[in-house]
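Taken in order, these protein sequences are the chains called A and B. When we follow this note's numbering, the leftmost residue of the first sequence carries the number 1, and every step to the right adds one. When we follow this note's numbering, the leftmost residue of the second sequence carries the number 1001, and every step to the right adds one.
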Amino acid sequence: MQKQITEANLRLLIDSLLLKGQRVVGPRQSGSMVLYEPLASASDLVTDELPRRSIKEAFFPVCEDLLEYRKEGQQIELKDIDPARFPETVLIGVRPCDAAAVPVLDAVFSWDYKDQFFLARRAKTTIIGLVCTTADDACFCTAVGLSPNDPKGSDLLLTPLVGGGFLVESQSEKGEAFLATWQDRFSEPDGTQTQALATPALQPFDLKKIKAWLDDHFEDPAWDSIAVRCVGCGACAFVCPACHCFDIVDEGSEKAGKRRKFWDACGFSKFTNHASGHNPRDLQPKRYRNRIMHKFKYYDDKFGQTLCTGCGRCIRVCPVGIDIAGVLEEIQEK
Amino acid sequence: MTQTIDISSYSTITDAIRSEARRILSDSTVSAVIGYTAGRRKGSTQPIVITTADDADQLIFTAACLNDLVVYLTKAKKDVPKSGRIGIVVKGCDLKALVGLLGESQLKRENLYLIGIPCSGVLGSLLKPSAELTTETIASKCCECSDQLPVGCDFVPTVTPAPLPDLEKRYANEIARLEAMTPSERWEFWKEQFSKCIKCYACRQVCPFCFCEQCLCDRNRPQMVEQTPRPSGNTAWHLVRAMHLAGRCAGCAECERVCPMDIPLNLLNRKMAKELKELFNSEAGFEVRDTGPLTSYREDDDQSFIR
Ligand code: SF4
Ligand code: SF4
Ligand code: SF4
Ligand code: SF4
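Structure below.
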């Protein structure tokens, strides 16, 4: 279904949602950064900047409690965290490269183990995507098969119109339901042109060719030249909308505490450290190789998708200037 | 008023680094040179390790050459080969870190060939690597730098860095602002800053002094500090980091530059440096010292802070 909404009505809609007690999360200024955070009013919404961190934390937060324990003598009491406590949420102003990562995460979190924490939040969330009209030189969605107006992952997609307002297209049942509930705020499309799309500079990669190279170059001197500079932090994985590794740890005392799940990254030297002390990925190039292999080979082998949406975040934050798009170009040329 | 900073010398410096690297690689003075090279995006740079004279032309020096390359010399970076003598490009601030590591017996001077940069300053952030270097975009550390000309190197291109225009002393001003606060206001400030931390450890990984092979904060059997990015674990991490670097931090400000969450880490470092200067008249410099202010004891040490 296609509708149209004015900028003013969109803001009114957000305020009405908030007034109803609905949780609305979108890009907003948070100190020096723009982050996806709960909006306190419609005026908080920022529509012209890609948030520093991705939308994944709406379903997969930096850190969350999994259970609580308490021990009294021989008595051990365990308390589950009730996934029912997660609130209904509307995510608004989600960039296409972020929204597109959500189905990618769905695949892994509902695969052999159903992650109830992820899935419960996911079920209660409506995603309103926002088409990009500007890009910077780190953006490369178009090179990995997406585009600044890709509807993948969005329940509703907003496209800015020339002269203001948005074209609204529903992409799912959730989207339809949302349009029906708030029909007063929307009008029929009047044929106004949509604004020109952002134009990321990179030409589409030949992802098949890249994967074919990865398929038989687990060992290759290129890994050293690409990644000897990698210092092994978690910056790239943590800002990435598609990276989804986590660690689990018990924190507290012998008597009481919590079991927690928190982000982990294959760049860390301890990521594959065995209890024996042996580490199969003993040097940084082997860890960085895993980053590329997972994104463009292993994930594809398992789920038929690429674990990268070209958002460019890892390029912007890497302390040592490692540029994943540059790495892919290099592999493609081999 | 925003003023452009004169970095016209950087192309001369680039040429000089290239020819020196070519020379020391072809006559086998060194087995490798660690320097900077251009990245794919306009203006971007990345560290590079070159091992043949033919690769010398890949080296550059620009206002986007922010990395403190000294980190690659430490034992924490096993991936970078350390056989034979290694050439390395250092700015003044980087050199102070290297000198600190010499003092901590982490490096041997005779295994190094130091190519010093007569520096006119670098950008504060690489989010926009092609930005022009101005009084606004220049790194905060450069605004308070008195070490533009490195001392004790094996080679320094013969250019005199243009004197920097009058720059706002951002750290000094911010420290003064924080010092004027009440303890609880100050605590609120830092609590808010630490709450942003996602424990990506980029700050630790780029720090030349964080060379421990087993970081206390990664231990989980037993857990020494809470590992998770929550208020208690974050505060613990930031206190450990600040205290372990007190009297050692050379002020390259890499931790602050790389923090994806914009936490002003170097502000803590500068405050520590200020305290150490006041208490022990000790500060990072170009002279190798075999003991640091917190690893030595003198009868006349100030003890007034023990209460
Ligand atoms: S790998 Fe980098 S560019 Fe790709 S989705 Fe993750 S952060 Fe974005
Ligand atoms: S690629 Fe960059 S951001 Fe990622 S682990 Fe290596 S140094 Fe850190
Ligand atoms: S602090 Fe000094 S030596 Fe270091 S980059 Fe700035 S101006 Fe150059
Ligand atoms: S770089 Fe920033 S976010 Fe990452 S661990 Fe350090 S302080 Fe925390």
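The C-beta atom is built at its ideal place from N, Cα and C for all residues, glycine as well.
Contacts of R1230(B) in chain A (Cβ-Cβ under 7 Å): C63
With a cut-off of 8 Å, do at least 3 Cβ pairs link the segment 1140-1159 of chain B to the segment 1111-1126 of chain B? yes
At least one CB of chain B closer than 8 Å to the CB of K270(A): is that the case? yes
Considering only the beta carbon of each residue, do N1067(B) and P1047(B) sit closer than 8 Å? yes
Quick one: which chain E residues come within Cβ less than 8 Å of I322(A)? This model lacks chain E altogether; the protein chains it does include are A and B.
Ligand 1 heavy atoms versus the CB of T181(A): any closer than 7 Å? no
Pop quiz: E1250(B) and K1096(B) are said to be a contact at Cβ under 8 Å. What is the actual Cβ separation, rounded to whole angstroms? The question names Glu, but residue 1250(B) is Ala in the sequence shown. Right, their Cβ atoms sit about 4 Å apart.
Minimum Cβ-Cβ distance from R28(A) to chain B less than 8 Å: no
Rounded distance between the beta-carbons of A100(A) and K152(A), thought under 8 Å: 4 Å
Quick one, which of D215(A), I248(A), C311(A), I210(A) has its alpha-carbon nearest E1226(B)'s? I248(A)
Classify Q1214(B) as helix, strand or coil using the three-state DSSP reduction. coil
Between the Cα of Y1010(B) and the Cα atoms of L1098(B), Y1036(B), S1026(B), V1030(B), which residue gives the shortest distance? Y1036(B)
Have a look at L1216(B), E1104(B), M1181(B) and flag the residue whose alpha-carbon is nearest the alpha-carbon of S1296(B). E1104(B)
8 Å Cβ cutoff met for G1039(B) and G321(A): yes
Can you tell which of K255(A), S170(A), A275(A) has the C-alpha that lies nearest to the C-alpha of Q2(A)? S170(A)
Less than 7 Å separating the Cβ of A58(A) from some heavy atom of ligand 1? no
If the cut is a Cβ gap below 8 Å, which residues of chain A does I1086(B) touch? Result: empty, since nearest Cβ-Cβ is about 13 Å, beyond 8 Å.
By alpha-carbon positions, which one of G1121(B), C1143(B), G1152(B), E1136(B) ends up nearest to A1172(B)? C1143(B)
Using only CA atoms, which one of L146(A), R85(A), R95(A) lies nearest to L119(A)? R85(A)
Strand pairing of V168(A), partner residues [DSSP]: K3(A), L158(A)
T1004(B): which of L1164(B), S1083(B), L1178(B), Q1106(B) sits nearest, CA to CA? L1164(B)
Rounded straight-line distance, which links the Cα of R259(A) to that of S1232(B): 15 Å
Do we get a CB-CB distance below 8 Å when we pair L283(A) with the residues of chain B? yes
What whole-angstrom Cβ distance do C1093(B) and D1006(B) have, given they're in contact under 8 Å? Going by Cβ atoms, the distance from C1093(B) to D1006(B) rounds to 19 Å, so no, they are not a contact pair.
With a threshold of 7 Å, establish whether the CB of K1271(B) neighbours any heavy atom of ligand 4. no
Taking the CB atoms as reference points, tell me whether F59(A) and R121(A) lie closer together than 8 Å. yes
Check distances from the C-beta atoms of the segment 230-243 of chain A to those of chain B and list, in chain order, the residues that come in under 9 Å. C230, V231, G232, C233, G234, A235, C236, A237, F238, V239
Take the Cβ of H1244(B) as the centre, count every other Cβ of all protein chains shown within 10 Å, and call the residue buried at 16 or more, exposed below. buried
Helix, strand or coil: how does DSSP classify P38(A) here? strand
Would DSSP call T125(A) helix, strand or coil? strand
Assign P103(A) to one of three DSSP states: helix, strand, or coil. helix
Is K1199(B) near ligand 4, with its Cβ less than 7 Å from a heavy atom? yes
Taking A212(A) as part of the beta strand (DSSP E), name the residues at either end of that continuous run. Not the beta strand (DSSP E): A212(A) falls in the alpha helix (DSSP H), residues 207-215.
Count the other C-beta atoms from every protein chain shown that fall within 10 angstroms of the C-beta of A135(A), then say buried if there are 16 or more, exposed otherwise. buried
For R291(A), count neighbouring Cβ atoms within 10 angstroms of its own Cβ and tell me buried if that reaches 16, exposed if not. buried
With DSSP run on the structure shown, which of helix, strand or coil describes M293(A)? helix
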